[in-house]
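Protein sequences appear in the order of chains A and B. Residue numbers are given in the numbering used here: position 369 of the first sequence equals residue 431, and the series is strictly consecutive. Residue numbers are given in the numbering used here: position 114 of the second sequence equals residue 119, and the series is strictly consecutive. Virtual Cβ for every residue (Gly too), placed ideally from N, Cα, C. Comments concern the structure below.
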Amino acid sequence: MPDLKTNLAGIKSPNPFWLASAPPTNSGYQVMKAFDAGWGGAVWKTLGIPVVNVSSRYGGVNYKDKRLVGLNNIELITDRPLKDNLIEIEEVKKHFPDHAVVASLMVQSKAEWHQIVKDVENAGCDGIELNFGCPHGMCERGMGSAVSQNPDVLETLTNWVMEVAKVPVIVKLSPNITDIRVPARAAKAGNADAISLINTVQSLVGVDIDNFVPYPTVDGKSTNGGYCGPAIKPIGLNMVKECAQDELVNLPISGIGGIENWRDAVEYILLGSTNVQVCTAVMHYGFGIIREMISGLEQYMADKNFNRVQEMVGLALPNVSNWENLNLSYKVIAEIKDEKCIGCDLCYVACDNGAHQAIGLNKETRIPYIIEENCVGCNLCSLVCPVEQCITMKQIDTGKAEVTWRERTDKDDIPKTFNDELAGGIGHFVPKPGDAFKK
Amino acid sequence: MSEFQRPKTEEEYHANFKQIKPLMNDTQAHVESGRCLFCYDAPCIQACPTGIDIPLFIRQIHSGNIKGSAKTIYSANYFGKACGQVCPTEVLCEGSCVFTKQNIEPIEIGRLQAFATNQAIVNDTKLFNLQENQNKKVAVIGAGPAGISAACELRLAGFNVEIFEAREKPSGLTLYGVAPYKIDNKTVLDEMDYLQKSFGYTVHYNTAVDADKLKSLENNFDAILLAIGLGATSALGIPGEELDGCLGAIEFINDIRIQKQNTRVGKNVIVLGGGNTAMDAASEAARMGAENATLCYRRSKDEMRAYGFEYELAKGVGVFGLFNIAPLEILGDKKVEGVKFIRTKVIDGKVKNLEGTEFTLPCDMVIKATGQSKFVDFLSSIENINLDKSGKIGINPETGQTDNPKYFAAGDALNGGKEVVNAAAEGKIAARGIIGFLGK
Ligand SMILES: Cc1cc2nc3c(=O)[nH]c(=O)nc-3n(C[C@H](O)[C@H](O)[C@H](O)COP(=O)(O)OP(=O)(O)OC[C@H]3O[C@@H](n4cnc5c(N)ncnc54)[C@H](O)[C@@H]3O)c2cc1C
Ligand SMILES: Cc1cc2nc3c(=O)[nH]c(=O)nc-3n(C[C@H](O)[C@H](O)[C@H](O)COP(=O)(O)O)c2cc1C
Ligand code: SF4
């Protein structure tokens, strides 16, 4: 049986699955229930000077019949007094000494930072996370994502904490920034032990078109919120990769954003996360999803002969790099398995209207076929096809030697003028404009 | 001409008995598993007698962890694939799916279950690690769902298990009784092979245990599980039952499962009874090409013990139902020629014959689906075993242990005849009882 134990910059937990700082970690009751269900760690709902929240607080994005592919919230940090939280942290640690309890913090002055760090350490937390990510409400007061957006401030605040902290310190970053490596490097410069990302993405999830107010509405008004859930996973994955590959960051990473099953977690780990944190999926389905996550991770590790989670960390990183390093001679084309086709012809219209007119249609059978010489291998048809393994991409031999844009640039073998003969599309079939009217 | 022609070849037989819950393909499984809501404290789990963590195994299918999914299923129910196909899901898991409350089709739990377990069977996936050998020996009598499930659970805990089975193949009525359009023989036996390979128990086939043999088992084993199911169809006690062409439903269905297209079936078949076995027998007679398959029941349609969907299934293949009539005599000279009935009325729950309403229905085959007998003589030979008036074995429901501490019981022999899933659940309970009793 593979060993799921993980260690993030000295914070140990029985498995890599932590609850992110959010409503599921609002109280000792919830954290204990989560640990009992199998979660390995929890980042407590951000502590600080308690806030006053509004009602309502969340907006959801549904896709067709699927609920909450994205969630948006306008909640702030904890609205409970610090002392109540500290008592509960202490109690949780008493029951679960081997689980990770990390205190998320957000305050303003140096004195406040020093005080709250001591308080949570005295309560027995195993680590501290600095919430420099909240993109609504708190940032207007100079906290949360406002810190991630100002590297000097981020470094200073981190330093203040590091002056007194005895337990490992994680800096939680906001994705609401142009280059995530900048705040990550500032965290490193401030001596943080690890980073976690991403916090929520600034967003408006929709508008009540009868009353002209975005969601969620509070007495007829609204405000921008923080977006999370499955929809943000691609943003999180990319930012984790950016930080993991940056030599100036060089810190262990706790990956967050849209994780809801074992596969999502493995993806984050392969791109450089030491462990992962989950919020929305638990808000949607409860702590019970951990059963699927642990079983799936164990099965994957057993199948791939991994003994420890750490062996997997960053394994996909050598295979992501800049566009200019990709092999321009490599070619795939689509292949349709006629016997699986159900005749929806979504691939046909996708290719004809949205790609390269490389699919023909047999009007009688409704079964489409690939016009191989027109297919650029973009994947679109295989992505829209509703049948598993019906359209697959097969590699074809172009007979050309491997060459990258970088290499071609070095050899001065790239298009440079508007009508350059070296344009990639030259010689590729394009229908005449007038053909658009042919029925 | 009836809808179904008499099958002449095995191919035609399989065409007539086309699977009503065929194996899902990847797309079906992906789409269907994506519909599951992952309800909290899900009603489907409560509705499953073996308590499979259904939302978990469905989520595992959707996230591509099919092995994990199969493990979730088999950890709760060793007849995972068979149950996925033969369980009356309409009244169990699927019937409790919350979608039904909004008139949305419930998740096809049974077929998803068969999909996941099928992959483990086909790939011979090792899902369980058996514990160290415990040096304790358990004899299991009967290789039906109850016996096999108990054997798996006992082997998991490291006990030595020998199964004694009267017939030549395992799985009991799953093979010899369940309707062939729910599961075919190969599917049943493939799962049995997989289980035996995974758990390594020994089965002695063609070995009926009688009172004497039982005595010798008592001396050689630390505990004995009675998983013998039920016996042949009980007699009706009316004249003419001995005529050629009058037979029990269990025997008729057994023939179909073994002889397939070579099974003898009449042109005009009358099936007596109102339970699920009656529905199956009538359906199967129709699918075997009987021109008329008529179901005759002493009480009203609403009083039938059969599930509504089983009656619908029978009607769907042309079975015709007659209610409130009781058979008085099976008519014929050597061969069945008809049945003499009388009309009935139910008064205060009791069936009363209405004098002067006798009539005769011609037919050339009568199938009695009037219940299975119990192995009362055999069971009575065991010291200190308690049988109730109907012949059911008395046990401690938490452990399956009988009043004779060495003996445990599970399955139809215990519950009087339920479903495969109940036998699987009880087999597991009894195995745990034995493990507790023998200590480890
Ligand atoms: C016609 C019919 C249709 C059915 N359809 C369904 C269905 O669609 N779905 C469903 O879930 N359930 C169905 N059932 C019920 C289901 O088959 C049984 O509940 C289940 O098989 C009971 O399992 P068991 O192990 O207790 O007994 P059995 O399956 O009867 O197995 C008992 C085994 O013990 C052996 N045995 C008996 N006595 C001895 C002895 N003295 N020595 C050695 N071996 C012995 C027998 O040969 C048999 O193999 C049906 C039953 C019938 C009769
Ligand atoms: C309602 C809500 C409240 C949150 N509160 C906090 C918070 O107090 N501190 C914090 O660091 N992150 C907070 N988050 C962000 C989450 O911790 C997490 O970073 C984000 O939701 C992305 O993960 P997910 O896609 O798994 O939800 C909150 C998220 C939600 C939905
Ligand atoms: S989840 Fe529903 S019931 Fe619970 S606090 Fe929110 S609005 Fe109220």
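Three or more C-beta pairs under 8 angstroms: does that hold for the region 351-365 of chain A against the region 315-329 of chain A? yes
Is I372(B) near ligand 1, with its Cβ less than 6 angstroms from a heavy atom? no
For V449(A), which residues in chain B fall below 8 angstroms Cβ to Cβ? Per Cβ cutoff of 8 angstroms: T32.
For D181(A), collect the residues of the same chain with a Cβ closer than 8 angstroms to its Cβ; drop the 5 residues on either side in sequence, then sort them by chain order. L144, L148
Extent of the continuous alpha helix (DSSP H) run through N21(B): 15-21
Cβ of I190(A) within 6 angstroms of any heavy atom in ligand 2? no
Of the listed residues I421(A), M205(A), E304(A), nearest to N381(A) (C-alpha basis): For the options I421(A), M205(A), E304(A), the alpha carbon positioned closest to that of N381(A) is the one of E304(A).
Can we say the region 339-350 of chain A touches the region 82-90 of chain B, given the rule of at least three CB pairs closer than 8 angstroms? no
Where the alpha helix (DSSP H) containing R160(B) begins and where it ends: 150-161
Chain A contact for R116(B) (CB, 7 angstroms cutoff): no
Can you name the residues of chain A whose CB is closer than 8 angstroms to the CB of F120(B)? Residues of chain A passing the Cβ test: none, with the nearest at roughly 12 angstroms.
Checking 7 angstroms against the spacing of the C-beta atoms, do V233(A) and T218(A) come in under that value? Taking the C-beta atoms as reference points, T218(A) is found no nearer than 7 angstroms to V233(A).
State the CB to CB distance for the pair G432(B) and A415(B), rounded to an integer number of angstroms; the pair is presumed to be in contact (CB under 8 angstroms). 5 angstroms
Starting from the beta carbon of W324(A), find every residue of chain B whose beta carbon is closer than 8 angstroms, and list them in chain order. S68, N70
Can you tell me whether G205(B) is buried or exposed? The criterion is at least 16 other CB atoms within 10 Å of its CB, across all chains shown. exposed
When DSSP builds the beta bridges, which residues end up paired with N297(B)? N273(B)
For A75(B), the residue or residues it bridges with in DSSP: Answer by DSSP bridge pairing: none, since A75(B) is not bridged.
For G361(B), count neighbouring C-beta atoms within 10 Å of its own C-beta (all shown protein chains included) and say buried if the count is 16 or more, exposed if not. That one is exposed.
What does a CB cutoff of less than 7 angstroms around R142(A) pick up in its chain, not counting 5 residues either side in sequence? P112
At a CB-CB cut-off below 7 angstroms, which residues of chain A make contact with G73(B)? S357, G358, Q361
Here's the rule: buried if 16 or more other CB atoms are within 10 angstroms of the residue's CB, otherwise exposed. What is P495(A)? exposed
In terms of residues, what are the limits of the beta strand (DSSP E) holding G89(B)? Not the beta strand (DSSP E): G89(B) falls in the alpha helix (DSSP H), residues 85-91.
For the candidate residues Q51(B), N70(B), Q201(B), R292(B), whose alpha-carbon lies nearest to that of A184(B)? In terms of CA proximity to A184(B), R292(B) leads the group Q51(B), N70(B), Q201(B), R292(B).
DSSP beta-bridge partners of H209(B): Secondary-structure assignment with DSSP links H209(B) through a beta bridge to F169(B).
Looking at C-alpha atoms only, which residue of A248(A), S265(A), L109(A), G110(A) is the closest neighbour of Y120(A)? S265(A)
Within chain B, partners of Y347(A) - CB distance below 7 angstroms: F43
Would you report the Cα separation of G268(A) and T279(A), rounded to the nearest angstrom? 10 angstroms
Which whole-angstrom value describes the C-beta separation of Y431(A) and G439(A), a residue pair presumed to lie in contact below a C-beta threshold of 8 angstroms? At roughly 16 angstroms, the Cβ-Cβ gap does not stay under 8 angstroms, so Y431(A) and G439(A) are not in contact.
Straight-line Cα distance separating R262(B) from K449(A): Before going on, a small fix: residue 449(A) reads as Val here, not Lys. So the alpha carbons of these two residues sit roughly 36 angstroms apart.
E289(B) versus C368(B): straight-line alpha-carbon distance, rounded: 17 angstroms
Between the region 424-458 of chain A and chain B, which residues of the former have a C-beta closer than 9 angstroms to a C-beta of the latter? P448, V449, E450, Q451, C452
Would you identify the three-state DSSP class for M363(A), choosing helix, strand or coil? Note: M363(A) maps to helix in three-state DSSP.
What are the start and end residues of the alpha helix (DSSP H) that includes A306(A)? 295-307
Contact residues within the region 395-407 of chain A, judged by C-beta distance below 7 angstroms to chain B: Cβ contacts with chain B come from no residue of the region 395-407 of chain A.
Can P137(A) be considered in contact with ligand 2, in the sense that its beta carbon sits closer than 6 angstroms to one or more heavy atoms? Checking the displayed sequence, the identity of residue 137(A) turns out to be Glu instead of Pro. Yes, Cβ of E137(A) sits closer than 6 angstroms to a heavy atom of ligand 2.
I'd like the list of long-range same chain contacts for M29(B), defined as Cβ closer than 6 angstroms, with 5 residues on each side in sequence excluded. R116, F120
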